[in-house]
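Residue numbers (my numbering): 12 to 459. Note that CB positions come from ideal geometry on N, CA and C, so glycine has one too. Below is one structure; the comments refer to it alone.
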Ligand SMILES: Cc1ncc(COP(=O)(O)O)c(C=O)c1O
C-alpha cells in the first residue's frame, strides 16, 4: 500500500467510517457489576480520612503532655546557629543552612539583583522563553566543580529527584536503592514503574547479590544512594559502589543534599571527599536547600543525560516553569563562596566532630554518624524524643524530634544539623542539657 493510501485508510478508521468496530448496535449491553467497595463517608469527606485521625492523635498527645505544638513553628530573622522563636533567642540545630550562607550579604545581594533584572519569575518554562543567563552560569560552574560535562537546575529539590528518576527508569528497568534513601528518590522510583528492590543500608554485598540474581532480567539498572544519609549522618563507600556499578553495567545516582558543600577537603562533596573522577558517578544530584542556602535541585553528569532531562523530563525540563531568578542567583553566589572559602566547610565538619565526640564521651548514642554534619541522638522511643525536644525548647535550644514515619518506629531520635557558625559554648551547653534530661526522663507510657 502506498503511503497516501495508508494515511487515507487510517483517517477513515479513526473517523469510524470503515473497518474498525465502532460501539454501535452490536456492542454488548452493559452488565451491572456488583460493587467492590462500600462507599462510606471516609471516602469522600476529608474530615473522616484516617490520615486526619493520625494528626488528631498527635495533637491530643501534645495537649495531654502539656507540650507546646512544635510543628510549623514560626521564626523571625535568618535561621542560622541561632534563631528567634516566639520572642526568644534560641540555639538552633534544625536548619539546613550548613555554611551559614542564607544570611550572607553577598548571597542576599545576588538574589536581590536577580529580582531587579528579571523580576520575581521568568514567566515561562525554560524550554519556551524562561531561560536566563544565571541558570547556565550556575550549571557550567557546578559541572566544572564536579568534573562532569553538564548540569541542569530544577525548581525544587524533591521534585528534581522525582522527575529525574521517574524519567530515567522505565517498566523494563530495575531500581536498587539503599533502604535509607530519601523519600523523593523512592517516589521517583515508584513513579517510574520500574521493578524496585531495597538493599540493607550501606551493604554492598547485599547489592552485589541483588545484581547477580537480577541484572540479567532488566535493561537499565539504577543504583540509588546518598552522599551523607540525612537521618543518620553516615557516608557510604562510594568508590566500592562505583566499582560494582561498572562491573554490572549499572548507573549510579548519588543524592548529595547533605554532602555537597560540607564533606571533602574543599567541601565539594563526595568527589572531593574520596578524590573521585566525577564522571564515575553517572547521576550527581543535590537539593539547593542545604549548603546552597536557597531552594531547587540539580542533576549533573554527561552532556547527553542533561540534554534528555532538559528537553524531555516532565517536572524538570518539561511541563514546569523555570526556577526563580533569585533562587538561582543565590545558589550561584553560594557556589562561588563555597569554592573561595573552603574553611566554612572545614569548620562545619570540625564542629560536628567536636559535637559527636563530646556527645559520645557523655554517654549519648550518636548512631552511625561519622564525618558529616548530621548527628542523631538516638533514643529508646518516640515519647522520650518528644519530651526531650519540649524540654530543650524550654531551655532555648531548638531541635526537632524525628519519629515514625520519617524513621522506623524503633529508631526515634533528635537530629542535630551542625552549622559552621555554632560555637563550642553552644554545643557544650546543649550536650550538658541532653545528658541531664536523659537522666531525669520520665518513663514512657506507651501512649504514642
Ligand atoms: C537527602 C535529601 N534529598 C532530597 C531532599 C529534598 O530536597 P528539598 O527539601 O530541598 O526539596 C532532601 C530534603 O530534605 C533530602 O534530605
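Exercise. How many angstroms separate the CA atom of residue 324 from the CA atom of residue 203?
Worked result: 12 Å
For this session: Using beta-carbon positions only, say whether residue 82 and residue 407 come within less than 8 Å of one another.
Result: no
For this session: Taking 8 Å as the cut-off, decide whether the C-beta atoms of residue 303 and residue 328 are in contact.
Result: no
For this session: Put residue 171 into one of helix, strand or coil per three-state DSSP.
Result: helix
For this session: If I'm right that residue 267 touches residue 238 with Cβ under 8 Å, what's the distance once you round it to whole angstroms?
Result: 4 Å
For this session: Inspect the CB distances between the region 170-179 and the region 221-241 and report whether three or more fall short of 8 Å.
Result: yes
For this session: Indicate, with yes or no, if ligand 1 has a heavy atom lying under 7 Å from the CB of residue 193.
Result: yes
For this session: Within the same chain, show all residues whose beta-carbon is closer than 6 Å to that of residue 242, passing over the 5 residues directly before and after it, in chain order.
Result: 418
Problem set entry | Cβ neighbours of residue 321 in the same chain (closer than 6 Å, five flanking residues each side left out) | 163, 328
Exercise. Relative to the C-alpha of residue 452, which residue among 318, 392, 421, 371 is closest?
Worked result: 392
Exercise. With distances taken from CA atoms, which of 155, 190, 110 is nearest residue 429?
Worked result: 110
Exercise. By DSSP, does residue 238 sit in helix, in strand, or in coil?
Worked result: coil
Problem set entry | Segment limits, alpha helix (DSSP H) that includes residue 74 | 61-76
Problem set entry | Per DSSP, cross-strand counterpart(s) of residue 165 | 308
For this session: Give me the Cα-Cα distance between residue 368 and residue 436, rounded to the nearest whole angstrom.
Result: 15 Å
Exercise. How about residue 278 and residue 357: do their beta carbons lie closer than 8 Å?
Worked result: yes
Exercise. Rounded C-beta distance between residue 217 and residue 200? I'm assuming under 8 Å.
Worked result: At roughly 17 Å, the Cβ-Cβ gap does not stay under 8 Å, so residue 217 and residue 200 are not in contact.
Exercise. Shortest alpha-carbon distance to residue 330 belongs to which of 426, 136, 113?
Worked result: 136
For this session: Compare the Cα-Cα distances from residue 336 to each of 198, 127, 66 and report the closest residue.
Result: 127
Problem set entry | Given residue 364 as reference, the closest of 245, 350, 310 once Cα atoms are compared | 245
Exercise. Which residues mark the beginning and the end of the beta strand (DSSP E) in which residue 103 is found?
Worked result: 99-103
Problem set entry | Coil, strand or helix - residue 411 by DSSP | strand
Exercise. What's the C-alpha gap between residue 460 and residue 434?
Worked result: Only positions 12 to 459 of the chain appear in this structure, which leaves residue 460 out of reach.
Exercise. Relative to ligand 1, is the shortest distance from any of its heavy atoms to the C-beta of residue 81 smaller than 7 Å?
Worked result: no
Exercise. Which one of 76, 150, 226, 454 has the shortest CA to CA distance from residue 318?
Worked result: 150
Problem set entry | CA nearest to the CA of residue 160, picked from 61, 189, 291, 95 | 291
Problem set entry | Rounded separation between residue 115 and residue 96 - CA only | 20 Å
Exercise. From residue 35 to residue 134, what distance separates their C-alpha atoms?
Worked result: Confidence in residue 35 is poor, its pLDDT being 48 and thus under 50, which makes the residue's placement too unreliable to answer from.
Problem set entry | residue 303: first and last residue of the uninterrupted alpha helix (DSSP H) it sits in | Here residue 303 belongs to no alpha helix (DSSP H), and DSSP marks it neither H nor E.
Problem set entry | Contacting residues, own chain, Cβ-Cβ under 7 Å from residue 117 (five flanking each side not counted) | 344, 348
Exercise. Is the Cβ-Cβ distance between residue 209 and residue 190 less than 8 Å?
Worked result: yes
Exercise. Going by the C-beta, is residue 167 closer than 7 Å to any heavy atom of ligand 2?
Worked result: Although ligand 2 was asked about, the structure shown includes only ligand 1 as ligands.
Problem set entry | Assumed close pair residue 458, residue 425 - CB separation to whole angstroms, cut-off 8 Å | That pair is no contact at about 19 Å.
For this session: Can you tell me which of the three DSSP states residue 459 falls into?
Result: coil
Exercise. Hey, would you say the C-beta of residue 213 is under 7 Å away from at least one heavy atom of ligand 1?
Worked result: no
Exercise. Taking residue 271 as the reference, which of 296, 86, 65 has the closest Cα?
Worked result: 296
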